[in-house]
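Trainee: Numbering (the working numbering), first residue to last: 3 to 445.
C-beta atoms are modelled at their ideal positions from N, C-alpha and C, and glycine is treated no differently.
The structure follows.
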């Protein structure tokens, strides 16, 4: 058996982050904010005039209008890759990346092979170490990925083995049977891959593949081993999704109290700087309670949480105000409780001042007091003067009612479950439930 050596230079795809909410400006004035169906937020821009090329020329995107809808492309014209999505908040860009392969028609005949490659030196992009995996597909295939990190050599790899198609399992993780995968290190600016294949398996597995691919996108299928370029034709005709980390690479977050550099990118009020972990530089985010584009003047606008709650039920869990009155404020919101309710203790809304158990406290004895109080009020409102009690009598009877209420606060009927304030409840014997205070008779 002979081993065929394939030098694979993987094009690094770039991932794009989520667009900002509708109605908010995400691009420079007079510039398109989309190419086809993909949002293009500043510092990216369609064409050099609309991009922050003073920060890095590779922020410029061009639209390929030969497709419908048009497709955004980024990078040098001869090596440009298609953009899927750009995220400002996470500093990520998603792109379609290339797949390297070699195919055999016999033990010794290499019929097809394709190599791709990338060098990211001088660009704002680096491959994401947490969002990508180097993945190899094939039987008896060793994949070696190598590159450079700050001029130092970097090497990693994995080995995929299988005796035949039936020795593999549909949807199995890439742990070495039919496919394998490995992590990549941070700060990689150049990357290439080597494939060592045992071409003797060509009868059932004629082609082998290597790719840098987004975590979670690839799941193994037996059909990926079958046929000439079967995997690419059926699953990766436009490439495979890859995630890149982007940042403002030629600067750093200013220290507290330090003068802000003239080329500082976080120009919007209500925004802040975030140092990145993959390579040098920083990204900008809107402050909590604001959304939009922090790279534009006044790009971060207040989030109206109360309006969102009304428009979509999913926001009620994100911005809780159950049974309350939602009031928007700058960068936040408040939840006011209506009369007779109070905060529920979980910062999620309001509840009645008295719980069901607490309301049961209003027992027969309390009702007697309330009835006596109502009688006193009616007597005071009598049109006949001689039927009205004197002020002294009113004061005495109110004092009696007050003492009775104070006594009731220290006892609980058998229906009372618990106190919200004070000690635990004590059941009253059944022969005492008809108890009437001597003072009640005075009323």
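Whose C-beta lies closer than 6 Å to the C-beta of residue 34 among residues of the same chain, with five residues either side of it excluded?
Mentor: Counted from its first residue, the chain shown places residue 34 at position 32. Excluding sequence neighbours, residue 34 sits near 48.
Trainee: With a Cβ-Cβ cutoff of 8 Å, do residue 247 and residue 122 count as a contact?
Mentor: Numbered from its first residue, the chain shown carries residue 247 at position 245. Numbered from its first residue, the chain shown carries residue 122 at position 120. No, Cβ-Cβ distance for residue 247 and residue 122 is not below 8 Å.
Trainee: Take every Cβ of the region 210 to 222, pair it with every Cβ of the region 252 to 269, and state whether three or more of those distances are shorter than 8 Å.
Mentor: no
Trainee: With DSSP run on the structure shown, which of helix, strand or coil describes residue 47?
Mentor: Indexing the chain shown from 1 puts residue 47 at position 45. Three-state result, residue 47: strand.
Trainee: When DSSP labels each residue in this structure, what does residue 373 get in the three-state scheme?
Mentor: Position 371 of the chain shown holds residue 373. Here residue 373 sits in helix by DSSP.
Trainee: Enumerate in chain order the residues of its own chain whose CB-to-CB distance from residue 223 is below 7 Å, with the five nearest sequence positions on each side excluded.
Mentor: On the chain shown, residue 223 is found 221 positions in, with the first residue counted as 1. Cβ neighbours of residue 223 beyond the five flanking positions: 172.
Trainee: Flag this pair as yes or no: are the beta carbons of residue 262 and residue 134 separated by less than 8 Å?
Mentor: Here residue 262 is taken as the residue at index 260 of the chain shown, counted from 1. Here residue 134 is taken as the residue at index 132 of the chain shown, counted from 1. No; because the gap between Cβ atoms is not below 8 Å, this pair is not in contact.
Trainee: Whose C-beta lies closer than 8 Å to the C-beta of residue 27 among residues of the same chain, with five residues either side of it excluded?
Mentor: Translated into positions along the chain shown, residue 27 becomes position 25. Within the same chain, residue 27 has close Cβ partners 35, 294, 295, 298 and 301.
Trainee: Beta-carbon within less than 6 Å of residue 332's beta-carbon, same chain only, minus the 5 sequence neighbours each way: which residues are those?
Mentor: Counted from its first residue, the chain shown places residue 332 at position 330. Answer for residue 332: 304, listed in chain order.
Trainee: Are the region 102 to 114 and the region 145 to 165 touching by the rule of at least three beta carbon pairs closer than 8 Å?
Mentor: no
Trainee: Please confirm whether residue 45 and residue 54 have their CB atoms less than 8 Å apart.
Mentor: One-based indexing of the chain shown puts residue 45 at position 43. One-based indexing of the chain shown puts residue 54 at position 52. For residue 45 and residue 54, yes; Cβs fall inside 8 Å.
Trainee: Mind listing, in chain order, the continuous beta strand (DSSP E) runs of no fewer than 3 residues lying wholly within the region 89 to 139?
Mentor: 94 to 99, 102 to 106, 112 to 116, 127 to 129 and 134 to 139
Trainee: Using a Cβ-Cβ cut-off of 6 Å (strictly less than) and excluding sequence neighbours within five positions of residue 283, which residues of its own chain qualify?
Mentor: The residue labelled residue 283 in the question sits at position 281 within the chain shown. Once the five neighbours on either side are set aside, the close Cβ partners of residue 283 are 249, 250 and 251.
Trainee: Could you tell me if the beta carbon of residue 328 falls within a distance shorter than 7 Å of some heavy atom in the ligand ZN?
Mentor: Of ligands this structure carries none, so the ligand ZN is not represented either.
Trainee: How far does the alpha helix (DSSP H) with residue 227 in it reach, from first residue to last?
Mentor: In the chain shown, residue 227 corresponds to position 225, counting from 1. Looking at the DSSP string, residue 227 is not in any alpha helix (DSSP H), and its letter there is neither H nor E.
Trainee: Looking only at its own chain, which residues have a Cβ that is under 8 Å from the Cβ of residue 384, when we skip the five neighbours before and after it?
Mentor: For the purposes of this step, residue 384 is taken as the residue at position 382 of the chain shown. The residues are 390.
Trainee: Let me know the secondary structure DSSP gives residue 345 once reduced to three states.
Mentor: Position 343 of the chain shown, counted from the first residue, corresponds to residue 345. Under the three-state reduction of DSSP, residue 345 is assigned to strand.
Trainee: Grab me the residues of residue 325's own chain with a C-beta within less than 6 Å of its C-beta, minus the 5 sequence neighbours each way, in chain order.
Mentor: Counting from 1 along the chain shown, the entry for residue 325 is found at position 323. Here the set comprises 351 and 352.
Trainee: What is the DSSP secondary structure of residue 269, counted as helix, strand or coil?
Mentor: For the purposes of this step, residue 269 is taken as the residue at position 267 of the chain shown. Residue 269 falls in the coil class under three-state DSSP.
Trainee: Once the 5 residues before and after residue 306 are set aside, which same chain residues still bring their CB inside 7 Å of it?
Mentor: On the chain shown, position 304 is the one that residue 306 refers to. Around residue 306: 330.
Trainee: Considering only the alpha carbon of each residue, which of 207, 144, 193 and 132 lies closest to residue 165?
Mentor: Stepping through the chain shown from its first residue, residue 165 is reached at position 163. For residue 165, the nearest C-alpha among the options comes from 207.
Trainee: For residue 145, count neighbouring C-beta atoms within 10 Å of its own C-beta (all shown protein chains included) and say buried if the count is 16 or more, exposed if not.
Mentor: In the chain shown, the residue the question calls residue 145 occupies position 143. By the neighbour-count rule (16 or more Cβ atoms within 10 Å), residue 145 is buried.
Trainee: Looking only at its chain, what residues have a beta carbon closer than 6 Å to the beta carbon of residue 238, apart from the 5 residues adjacent to it on each side?
Mentor: Mapped onto the chain shown, residue 238 falls at position 236. The beta carbon of residue 238 sits closer than 6 Å to the beta carbons of 101 from its chain, once the five residues preceding and following it are set aside; these are given in chain order.
Trainee: How close, in whole Å, do the beta carbons of residue 374 and residue 403 come, if the pair is a contact with beta carbons under 8 Å?
Mentor: Within the chain shown, numbered from 1, the residue matching residue 374 stands at position 372. Within the chain shown, numbered from 1, the residue matching residue 403 stands at position 401. Confirmed, about 6 Å.
Trainee: May I have the straight-line CA-CA distance separating residue 338 from residue 327, to the nearest angstrom?
Mentor: Within the chain shown, the letter at position 336 stands for residue 338. Within the chain shown, the letter at position 325 stands for residue 327. Distance between the alpha carbons of residue 338 and residue 327: 5 Å.
Trainee: If we ignore side chains and look at the alpha-carbon of each, how far apart do residue 40 and residue 79 end up?
Mentor: Start at 1 with the first residue of the chain shown, and residue 40 comes out as number 38. Start at 1 with the first residue of the chain shown, and residue 79 comes out as number 77. Separation of residue 40 and residue 79 (C-alpha to C-alpha, rounded to the nearest whole angstrom) is 19 Å.
Trainee: Assuming contact is defined by CB atoms lying nearer than 8 Å, are residue 287 and residue 266 in contact in what I supplied?
Mentor: Along the chain shown, read from residue 1 onward, the residue named residue 287 stands at position 285. Along the chain shown, read from residue 1 onward, the residue named residue 266 stands at position 264. No, the pair does not count as a contact, with Cβ atoms beyond the cut-off.
Trainee: Taking buried to mean at least 16 other C-beta atoms within 10 Å of its own C-beta, is residue 428 buried or exposed?
Mentor: Here residue 428 refers to the residue found at position 426 of the chain shown. Confidence at residue 428 is low in this model, with a pLDDT of 35, below 50, so the placement of that residue is unreliable and no value is reported for it.
Trainee: Residue range of the alpha helix (DSSP H) that residue 310 falls in?
Mentor: To locate residue 310, count along the chain shown from 1; it is residue 308. 307 to 313 is the extent of the alpha helix (DSSP H) around residue 310.
Trainee: What are the boundary residues of the beta strand (DSSP E) that includes residue 155?
Mentor: As a working note, residue 155 is residue 153 in the chain shown. From DSSP, the beta strand (DSSP E) with residue 155 extends over 154 to 162.
Trainee: DSSP on residue 203, reduced to helix/strand/coil?
Mentor: Counting from one through the chain shown, the residue named residue 203 turns up at place 201. Residue 203: helix per DSSP, three-state reduction.
Trainee: Closest by CA to residue 170, which one among 231, 277 and 225?
Mentor: Start at 1 with the first residue of the chain shown, and residue 170 comes out as number 168. Looking at the Cα atoms, 225 is the closest of the given residues.
Trainee: If you scan the region 51 to 91 from start to end, which runs of the beta strand (DSSP E) of 3 or more residues do you find wholly inside it?
Mentor: 62 to 66, 73 to 76 and 83 to 89
Trainee: Classify residue 168 as helix, strand or coil using the three-state DSSP reduction.
Mentor: The sequence position of residue 168 within the chain shown is 166, counting from 1. Note: residue 168 maps to helix in three-state DSSP.
Trainee: What is the DSSP secondary structure of residue 278, reduced to helix, strand or coil?
Mentor: The sequence position of residue 278 within the chain shown is 276, counting from 1. It is coil, neither helix nor strand.
Trainee: Note down the Cα distance separating residue 89 from residue 277, rounded to an integer number of angstroms.
Mentor: In the chain shown, counting from the first residue as 1, residue 89 sits at position 87. In the chain shown, counting from the first residue as 1, residue 277 sits at position 275. Rounded to whole angstroms, residue 89 to residue 277 spans 16 Å at the Cα level.
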